[in-house]
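Line order of the protein sequences matches chains A and B.
Sequential numbering from 8 applies to the first sequence in our numbering.
Sequential numbering from 8 applies to the second sequence in our numbering.
In this text, a Cβ means the ideal position worked out from N, Cα and C, and glycines have one as well.
Structure record follows, encoded as structure tokens.
2 protein chains.
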Amino acid sequence: MKSTKELIAFLQEAVNHLEFKSQPAGLYEPLAYTMSLGGKRVRPLLCLMAYNLYKEDVETALNPALGIELFHNFTLLHDDVMDRSFMRRGKACVHVKWDENTAILSGDALQVVAYQYVAQAPAAVLPACLELFSRTALEVCEGQSYDMLFETKKDVGEEEYLEMIRLKTAVLLACSLKMGAILAGASEEDAQHLYDFGIHIGVAFQIKDDLLDVWGDPAIFGKAIGGDIMCNKKTFLLIHALKNADDKQRESLLHYITSDDIDRAEKVQAVTALYEAVGVKEECEAKMLYHQQLAMDALDALSVSEEKTVHLRELAESMMKRQM
Amino acid sequence: MKSTKELIAFLQEAVNHLEFKSQPAGLYEPLAYTMSLGGKRVRPLLCLMAYNLYKEDVETALNPALGIELFHNFTLLHDDVMDRSFMRRGKACVHVKWDENTAILSGDALQVVAYQYVAQAPAAVLPACLELFSRTALEVCEGQSYDMLFETKKDVGEEEYLEMIRLKTAVLLACSLKMGAILAGASEEDAQHLYDFGIHIGVAFQIKDDLLDVWGDPAIFGKAIGGDIMCNKKTFLLIHALKNADDKQRESLLHYITSDDIDRAEKVQAVTALYEAVGVKEECEAKMLYHQQLAMDALDALSVSEEKTVHLRELAESMMKRQM
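Right, here's the structure in full:
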């Protein structure tokens, strides 16, 4: 069984050697650019780790794993157009560096390339891999659709929010793990447990993201604290704060999240203080730990020996303890 | 063997019964809307006709054929965003009826749905079908990329133009036919001949399109004559006209195609007169007939009896004789 470090190195090498056609440059250069921006490659890593629970020849799972990473980058490319973002991982987004049409069309091509890689799964499991991948791809679109809808929706409930992040973030992590299991010929039960593990770490990961945006260490976080607060984003924290607040606190919170002309420092400080006053930090941390526990329970249910699951447990823990 | 009419009815029924998920409505309603706009469904028809040269159970080829039609409609949806078009088949484009983000995201989902249908090819031929489909999908993106590039490129040569329409239009027709052949278990040679047939009818079809835009019968054509002239589009006609023209004619032509403030009737009349003076109508008609002949030669080379190819020949002829 390979160490996480070995798998990351193996993956990084493969990502660095991804090759795209060269012409027309206006179509393919943005693909190479997008894939060169980096990222933790956590999705293909999860795919290889799941595969490696059952089989040693991880190279069999490499291309489908890369397909998922390519797909993930395609979604970022198009999301950045839809969200009017300017920067991605410290560099200009494709629609900024080139233009919007280039971003749309290159994204379309990147989705096709993602399918080309997934389609290199061995023929015996190809239909199952494709079925999982396409279903997940649609769910990711659904998540983005709900996310955009929630921007203008006044009352987003906790359940709706959780369903949105399940679709937008968690299902692709879950798909990565399940595809590793399918490629390795694992039982349907194990494949489902790994899928569930992915869902729960995905949800916990997103709650952690919301927490870091408010209480992260600015020196480590890598971007300005309070970004979600400044753009009035409906995060898990805000939804809980609005629920927990008394009338006066709610009025104050609504004042801040519907005003765009308040000084950044003042707004971030005031909303953070309100969050702390109504106890959402503790509540959200508890919710995160709850999903982390469910993730560990899913690993406990696997048919493989517990020691084999150590790497996945460590990865899940590092994702929750991260400061950036 | 089924008649073309029977196959069209079979396909239309299937397209009418396509079902999409219902939620989120903002994601899936545009898909149903797009597929309800109509169209001649010529790509899935070609797929079924090719299949039917070898086998009778055309329902086996239905889902992959629908996948190609879904993909074609996805490209129209995103092309309309990129080209800033307002109308498609007499109705508002998705990005007009909804908004641009909806069009981008629904298009992404439609491409996934297209793959879901193609992936229903029998397991034995699934890798070959996917390989063909993905390669073609990338080529279609390449065609759109060149088409956008040519809008601002000053000197587009005939070869470049032909390569662009091969990619943008012809390869998907060719893919439809070849996929029918692969699904039916035809020989590689036959599959390639059918592919070539598709390429040549595609190129001829596009030249016909350019001709109709200038010399079509306004009462039949369905849209205003001279649309390409008004938006200074680099068509096969314009490329040939610039090549054939003497200095004075070229100067006049360049004057018209670089001016946006000339009265429509005057501009269309003047450019049409220049086209006629330099003989491009005859030249382009000859080029169209040349590709039509190559298409027929490809059918001649098939291993099936000539009488079986009658439907394909008739379809190709009707595509060239069409007035709209």
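Checklist line | Limits of the unbroken alpha helix (DSSP H) element including arginine 271(A) | finding: 271-284
Next item on the list: Spell out whether any CB of chain B is found under 7 Å from the CB atom of cysteine 148(A).
Entry: yes
Item checked: Span of the alpha helix (DSSP H) around glutamine 300(B) -> 287-307
Margin query: Runs of 4 residues minimum, wholly inside the region 23-56 of chain B: which ones carry the alpha helix (DSSP H) assignment?
Written below: 32-43
Next item on the list: Return the chain-ordered list of same chain residues with a C-beta closer than 8 Å to the C-beta of tyrosine 153(B), the five sequence neighbours on each side being excluded.
Entry: Glu167, Glu170, Met171, Leu174 and Lys175
Margin query: With three or more beta-carbon pairs closer than 8 Å as the criterion, would you say the region 276-292 of chain B touches the region 22-30 of chain B?
Written below: no
Next item on the list: Give the secondary structure of arginine 95(A) by DSSP, where H, G and I count as helix, E and B as strand, and everything else as coil.
Entry: strand
Next item on the list: Check whether the Cβ atoms of glycine 45(B) and leucine 84(B) lie closer than 7 Å to each other.
Entry: no
Notebook entry, point to check: Within 7 Å (strictly less), CB to CB, does isoleucine 111(B) reach chain A?
Noted result: yes
Notebook entry, point to check: Around the Cβ of histidine 262(A), are there at least 16 other Cβ atoms within 10 angstroms (buried) or fewer (exposed)?
Noted result: exposed
Notebook entry, point to check: What residue from Lys185(B), Asp220(B) and Thr159(B) has the CA that sits closest to cysteine 1(B)'s CA?
Noted result: The structure shown does not extend to residue 1(B), since chain B spans only 8 to 331, so no value can be given for it.
Check: Given that methionine 155(B) touches chain D, what residues does it touch there, using C-beta distances under 7 Å?
Finding: Here chain D cannot be found, since the structure's protein chains are A and B.
Next item on the list: Measure the beta-carbon distance from threonine 143(B) to valine 178(B) and round it to whole angstroms, keeping in mind my assumption that it falls under 8 Å.
Entry: 5 Å
Next item on the list: May I ask which residues mark the beginning and end of the alpha helix (DSSP H) holding arginine 320(A)?
Entry: 317-328
Check: For the region 83-105 of chain A, which residues have a beta carbon sitting closer than 7 Å to at least one beta carbon of chain B?
Finding: His85, Val88 and Met89
Check: Mind pulling the chain A residues with CB within less than 7 Å of leucine 137(B)?
Finding: Ala126
Check: Does the region 287-301 of chain B come close enough to the region 242-251 of chain B to have 3 or more Cβ pairs within less than 8 Å?
Finding: yes
Notebook entry, point to check: How about serine 183(B): is its C-beta nearer than 7 Å to some C-beta of chain A?
Noted result: no
Check: Which of the three DSSP states, helix, strand or coil, is assigned to leucine 180(A)?
Finding: helix
Checklist line | Among Gly33(A), Tyr297(A) and His318(A), the one whose alpha carbon lies nearest that of glutamine 151(B) | finding: Gly33(A)
Item checked: Cutoff 7 Å; reference methionine 42(A); Cβ partners in own chain excluding five residues on either side -> Val22, Leu25 and Asn80
Next item on the list: Select from Glu321(A), Glu20(A) and Leu69(A) the residue whose C-alpha is nearest the C-alpha of isoleucine 183(A).
Entry: For clarity, residue 183(A) is serine in the given sequence; the question names isoleucine instead. If we check each option's Cα against that of serine 183(A), Leu69(A) comes out closest.
Notebook entry, point to check: Between which two residues does the alpha helix (DSSP H) containing glutamate 63(A) stretch?
Noted result: Glutamate 63(A) -> no alpha helix (DSSP H), and no H or E assigned at all.
Next item on the list: Report back the beta-carbon spacing between asparagine 59(A) and lysine 12(A) to the nearest angstrom; my notes put them in contact at under 8 Å.
Entry: About 13 Å separates the two Cβ atoms, so there is no contact after all.
Checklist line | Cutoff 7 Å: glutamine 256(A) Cβ touching any chain B Cβ | finding: no
Checklist line | Proximal chain B residues relative to serine 141(A), where beta-carbon distance stays under 9 Å | finding: Val119, Val120, Tyr122, Gln123 and Ala126
Note to self: I'd like to know whether the C-beta of leucine 38(A) is nearer than 7 Å to at least one C-beta of chain B.
What the structure shows: no
Check: Beta-carbon of leucine 69(A) versus every beta-carbon of chain B: anything under 7 Å?
Finding: no
Margin query: Please report whether the beta-carbon of serine 29(A) lies at a distance below 7 Å from any beta-carbon of chain B.
Written below: no
Notebook entry, point to check: Quick one: what does DSSP say aspartate 197(A) is sitting in, helix, strand or coil?
Noted result: helix
Notebook entry, point to check: Any idea what DSSP makes of methionine 8(A), helix, strand or coil?
Noted result: coil
Notebook entry, point to check: What whole-angstrom Cβ distance do glycine 74(B) and alanine 121(B) have, given they're in contact under 8 Å?
Noted result: 5 Å
Check: Does the Cβ-Cβ distance between threonine 242(A) and aspartate 224(A) come in under 7 Å?
Finding: no
Checklist line | Cβ-based burial, valine 101(B) [other Cβ within 10 Å; buried from 16] | finding: buried
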